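> Below are the structure tokens for one structure; questions will follow.
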Amino acid sequence: MHALWWLAAVAVAAICGIVSAAGIEDGEKRSGFDFMTPETQALQADDMSNPGMLWVLQGEQLWQQAQGRADVACSGCHDDARQTMRGVAARYPAFDAATGRPIDLAGRINSCRAERQQAEPLAPESDALLALTAYVTHQSRGMPITPATDARLARFRDNGRGLFQSRIGQLELSCASCHDDNWGKRLGGSVIPQAHPSGYPLYRLEWQTVGSLQRRLRNCMIGVRAEPFAFGAPELVDLELHLTEQARGLLVETPAVRP
């Protein structure tokens, strides 16, 4: 397994050796769905077959359950998520006045738990947090990604862009090396997609479960032999800010299905 991993890493370095800062033009933006096989596309498109819908259904149940010392449910404040959460996820990450920096949707859910429900925050990548995040995001499915325009986010978005374009790890590659400069090419039999976070939380066949964008970003960092940021790190939120700006106008797909 180690030898196979090393060969894949060398292949990444060979394919993604040159970095540009140009990004992807609006007319060339494509969802990761467009790079999937017809079988994977069909799996995502059919809610009865899409395994990610199990987490959406779990999130719907959690939305109705009273939690914490306040003994209140998400629905107690926000009522019917199908109406009140429509379009919300398409605008995240958003500026959080309490911390003075951006917060992603999972962070907002945990913030609400702590402040409104007086409950312990849910652990990163826990089924409960993924389920609630998937359920809320699912209410925006089919809507265009419309990143927040709050001027206070600008420096954090710029930091995310810098992180996306910076070479890291023993392979000295950046995110842009593959996903901006070499999208559409093949690596290990799979097509390299553009890095648009239009379907998260999503179900990966490799994981056999639903995962967050932060999990995917950490996987990529490990793949280039870099030390990954911890879950919840501000750098990961800044990266998401940049990626959602790049994905502006693409449609929310949650829960997407990927290899």
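If you use mature numbering (1 follows the signal peptide of the UniProt record, and there is no 0), the sequence shown corresponds to residues -21 to -1, 1 to 238, in order.
The beta carbon of each residue, even a glycine, is placed where N, CA and C say it ideally should be.
Computed from a prediction, not measured in an experiment: that's the story for all the values here.
1) Sorted by chain position, which residues of the same chain lie with C-beta nearer than 7 Å to residue 20's C-beta, five sequence neighbours on each side aside?
2) Going by the CB atoms, is the gap between residue 35 and residue 234 shorter than 8 Å?
3) Could you tell me the distance, in whole angstroms, from the CA atom of residue 192 to the CA atom of residue 137?
4) Along the chain, which unbroken stretches of the alpha helix (DSSP H) at least 4 residues long are found entirely within the region 27 to 77?
5) What is the residue span of the beta strand (DSSP E) that residue 82 lies within?
6) Check the C-beta distance from residue 226 over to residue 175 and give it rounded, since I have them as a contact under 8 Å.
7) Assuming residue 221 contacts residue 140 under a Cβ cut-off of 8 Å, what Cβ separation, rounded to an integer in Å, is found between them?
8) Could you give the DSSP three-state label for residue 188: helix, strand or coil?
9) Can you say whether residue 112 is buried or exposed, counting buried as having 16 or more other CB atoms within 10 angstroms of its CB?
10) Ends of the alpha helix (DSSP H) at residue 136?
11) For residue 199 and residue 219, I'd like the C-alpha separation in whole angstroms.
12) Mark residue 154 as exposed unless 16 or more other C-beta atoms lie within 10 angstroms of its C-beta, in which case mark it buried.
On the basis of the supplied data:
1) 12
2) yes
3) 19 Å
4) 32 to 42, 53 to 57, 60 to 63
5) 80 to 82
6) 4 Å
7) 5 Å
8) strand
9) buried
10) 133 to 144
11) 14 Å
12) buried
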